[in-house]
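>
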Amino acid sequence: MSGWLSALATALDPLCGPVGIFTLLAGDGLVSCGAIGWGDEIAFGVKVTVTLAIATLPIGLLLGFLIALAAQSEDKLLRAAVGIYTTIFRGLPELLTLFIVYYGLQLLIQSILGWMGIEQRIEINAFLAGMIALAVVFSSYASEVLLSAFRAIPRGQYEAGDALGLHRSRTMVLVILPQLIRIALPGLGNLWMILLKDTAYVSIIGLSDIVRQTSVAARVSKEAFFFYFLACLLYLALAIISSFGLSFIERWSRRGEVRR
Numbered sequence: 087m088s089g090w091l092s093a094l095a096t097a098l099d100p101l102c103g104p105v106g107i108f109t110l111l112a113g114d115g116l117v118s119c120g121a122i123g124w125g126d127e128i129a130f131g132v133k134v135t136v137t138l139a140i141a142t143l144p145i146g147l148l149l150g151f152l153i154a155l156a157a158q159s160e161d162k163l164l165r166a167a168v169g170i171y172t173t174i175f176r177g178l179p180e181l182l183t184l185f186i187v188y189y190g191l192q193l194l195i196q197s198i199l200g201w202m203g204i205e206q207r208i209e210i211n212a213f214l215a216g217m218i219a220l221a222v223v224f225s226s227y228a229s230e231v232l233l234s235a236f237r238a239i240p241r242g243q244y245e246a247g248d249a250l251g252l253h254r255s256r257t258m259v260l261v262i263l264p265q266l267i268r269i270a271l272p273g274l275g276n277l278w279m280i281l282l283k284d285t286a287y288v289s290i291i292g293l294s295d296i297v298r299q300t301s302v303a304a305r306v307s308k309e310a311f312f313f314y315f316l317a318c319l320l321y322l323a324l325a326i327i328s329s330f331g332l333s334f335i336e337r338w339s340r341r342g343e344v345r346r
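Take a look at the structure:
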């Protein structure tokens, strides 16, 4: 089964598949697929970039949602804690956050193991570190978008749910969340675009994304302008595809609105 899935993935590869862009257009050039060009490496970098962004999104959204809920709590300490969290991670450059997670998490784990009497060097996976760092940054911005969306929903919606005998959790799922998604979607769409671009930072810690792979190709081939321009085109292509996807989701989210 795994062999069949692998063959299907190869056949559907938009860059190096049988009908992929590099396969059809590159010929025997710099981005041809196979042993001659850099097409396979760059195609792998695209997969890493997209996978990292998609893996980060649900974690960042869940954290952002929980932070937005906490920001509306009656507990002053909880509100202060989430306020400090969002201020720190919206204020720090994304690259510094990545370094803190990648190097700091290693030191923390090694310190804990050392306290337990275990002498072992720990190295955090670059993909995992990138996902955690980007999710933390994404959640700090998403929480503000979601908090604004929460405040745009009238309090009467909650009172109506109570009047119907709905538990607050069911009111949240059945009444509040559909409206929340529709209101917050434009802002979250912008954050997705930023997340897609921020994945480029992981090349600094050695993850083979688009920037990393094109940088290696540029150094080896001495064709820096060509490969960095290709990286620009790939990011723009991902942004265009994302724009179509976000437009579809927005139309779907508004399907229940009354036409005026």
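Position one of the sequence shown corresponds to residue 87 (my numbering), numbered consecutively onward.
A virtual CB, placed ideally from N, CA and C, is assigned to each residue, including glycine.
The model shown is predicted, which means the values in this text are computed figures rather than measured ones.
Less than 8 Å between the CB atoms is what I'm expecting for M279 and A325, so what's the real figure, rounded?
M279 to A325, Cβ: 6 Å. Contact.
> Between which two residues does the alpha helix (DSSP H) holding A286 run?
It is not in any alpha helix (DSSP H) - A286 carries neither H nor E in the DSSP assignment.
> Using the Cβ count rule (16 or more neighbours within 10 Å means buried), how would you classify L91?
At L91 the pLDDT is 47, less than 50, meaning the model places this residue with poor confidence; the figure from the coordinates comes in the next sentence. Per the 10 Å Cβ criterion, exposed.
> Which residues in the same chain have their Cβ closer than 7 Å to the Cβ of L94, if we skip the five residues on either side of it in sequence?
Legend: pLDDT at L94 = 46, less than 50; position of this residue unreliable, value from coordinates given subsequently. None.
> Indicate the three-state DSSP secondary structure (helix, strand or coil) for D126 in the structure shown.
If DSSP states are grouped into helix, strand and coil, D126 belongs with the helices.
> Any heavy atom of the ligand SAM within a distance shorter than 7 Å of the CB on D248?
In the structure shown, the ligand SAM is absent, as is every other ligand, since no ligand is present at all.
> DSSP on M202, reduced to helix/strand/coil?
Reduced to three states, the DSSP call for M202 is coil.
> In chain order, what residues of the same chain have a beta carbon less than 6 Å from the beta carbon of A303, not counting five sequence neighbours either side?
Same-chain partners within the cutoff: W124, F313.
> With a floor of 4 residues, list each alpha helix (DSSP H) that falls wholly inside the stretch 238-307, ordered by position along the chain.
Runs of the alpha helix (DSSP H) inside the stretch 238-307: 242-249, 254-257, 263-284, 296-307.
> Using a Cβ cut-off of 8 Å (strictly closer), state whether I153 contacts chain D.
Although the question refers to chain D, the structure presented lacks it and comprises just one protein chain.
> Taking 8 Å as the cut-off, does the stretch 160-172 touch the stretch 181-195 (at least 3 CB pairs, one atom from each stretch)?
Touching, no.
> Nearest-angstrom Cα distance between A246 and F236?
In a straight line, the C-alpha of A246 is about 16 Å away from that of F236.
> For the stretch 259-273 and the stretch 172-189, state whether three or more C-beta atom pairs, one from each stretch, are separated by less than 8 Å.
These segments do not touch.
> Check for me: the alpha helix (DSSP H) holding L181 runs from which residue to which?
Taken as a continuous stretch (DSSP letters only), the alpha helix (DSSP H) holding L181 covers 180-185.
> Measure the beta-carbon distance from T300 to A317 and round it to whole angstroms, keeping in mind my assumption that it falls under 8 Å.
Sure, about 4 Å apart at Cβ, within 8 Å.
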